[in-house]
Each structure stands twice: as structure tokens, then as C-alpha cells.
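K.L.:
Here's a structure for you.
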Amino acid sequence: MRAIHEAQGTRRASAGAAAAAVAFVAVLGACGPGGIGGSKAAPVTRLILRVQATDAPVTGTVDVTCESPITTAAHATVGASVLQRFETRATPGHDWIGSLDVAAGSTCTAVDRPAPPAILHAVSGGEPVIEDGHLAGVRTTVDGGATVTVGLVAGAAA
-5 MRAIHEAQGT RRASAGAAAA AVAFVAVLGA CGPGGIGGSK AAPVTRLILR
45 VQATDAPVTG TVDVTCESPI TTAAHATVGA SVLQRFETRA TPGHDWIGSL
95 DVAAGSTCTA VDRPAPPAIL HAVSGGEPVI EDGHLAGVRT TVDGGATVTV
145 GLVAGAAA
């Protein structure tokens, strides 16, 4: 067999391919009984937004800002801030629900701007955010692998 490979000039390629196949099998064996299919992805960290209407349909805009924790490695400081805007419409008994994946440990702020004459009446799932003396939204921190739901309740001005 060696003579045939040498005559065709493919001995080196065949030996390299065989070594690569052995290395590949060895790597798969090192993955354990679960192999590659048994590996687990990092848990998802998610923020759920729920907009509720109290007495009439409410449309609005919800701006969500999520800031990840600042980390330092190899003399470099890294952080991230993400802004997403949602156009919402909720009716009594039919909430608007949105979801977004966030970095572990992010602090997220959801500011609701319901279309006038509606105003934001209440929030849940975190600390209230006050802007210009009025309730504007909610702020919360989402731990790694957690799912946190924040609620925004809007309706007619009292």
C-alpha cells in the first residue's frame, strides 16, 4: 500500500489526513459521555416588559436602557449600554408584553411615555423613576440567568 501511495505522490497527504482524523476522534472522546451535544449554553438573562391599561386603550413609547457592569481586564475597561424603543398598545384586559435579552448584571430602566391624555399611574418590578416630578418608569437590575418582569400601568389622567 505504501508503494502505491508513494508512486501516486499522495503518501504525505494520506498520513496527514489520518493524523487529523485520529486527533479529531481524540478531541471528541475528551468531551465525555455527553459529547458536544451534552454541552450547555450559558443561561439566558432576560427582561420582560408589561404595559397595562387601566380604563381605556393606551398607546405609548417605552424606551429601555440597559447598562452592563463595567469590567476591567488586561488594563482595559469594558462596559456596554443598549437602548431599545418599543411602540406599545394596551387595552384593559389585554396587556402589551415585550421581551429582550440583556447582559448578566445589567441595570435596566424602562421609561414609558403614554400618548396624552394618558399618564403613567404605577410601576412594578423595581424602583420607580421620577422625571420632572412625575412617575416616568421603573429601574431594576437583572442578575445572570434571571428573568425579571417590570410592569407599567397607564390610564387616563385623574
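For the sequence shown, position 18 (counting from the first letter as 1) is numbered 12 according to this note's numbering, and the numbering increases by one without interruption.
Yeah, the Cβ is synthetic: ideal placement off N, Cα and C, and Gly gets one too.
For the structure I just gave you, are there three or more beta carbon pairs, one from the segment 60 to 67 and one from the segment 100 to 119, closer than 8 Å?
P.N.:
Enough Cβ pairs lie closer than 8 Å, so yes.
K.L.:
Taking buried to mean at least 16 other C-beta atoms within 10 Å of its own C-beta, is LEU146 buried or exposed?
P.N.:
Answer is buried; the Cβ neighbour count reaches 16.
K.L.:
Contact defined as beta carbons within less than 8 Å: I believe VAL123 pairs with ALA112. What is the distance between those atoms, to the nearest angstrom?
P.N.:
About 17 Å separates the two Cβ atoms, so there is no contact after all.
K.L.:
What separation, rounded to the nearest whole angstrom, lies between the Cα atoms of ALA153 and THR48?
P.N.:
The structure shown does not extend to residue 153, since the chain is modelled only from -5 to 152, so the question has no answer here.
K.L.:
Taking the straight line between their C-alpha atoms, what separation do you get for VAL117 and ALA74?
P.N.:
The straight-line gap from Cα to Cα measures roughly 25 Å.
K.L.:
Here's the rule: buried if 16 or more other CB atoms are within 10 angstroms of the residue's CB, otherwise exposed. What is GLY54?
P.N.:
Burial call: buried.
K.L.:
Could you name the residues that DSSP lists as bridge partners for PRO63?
P.N.:
None; PRO63 has no bridge partner.
K.L.:
Just tell me which of ASP137, ALA84 and THR134 has its CA closest to the CA of LEU114.
P.N.:
When only C-alpha atoms are compared, the closest one is ALA84.
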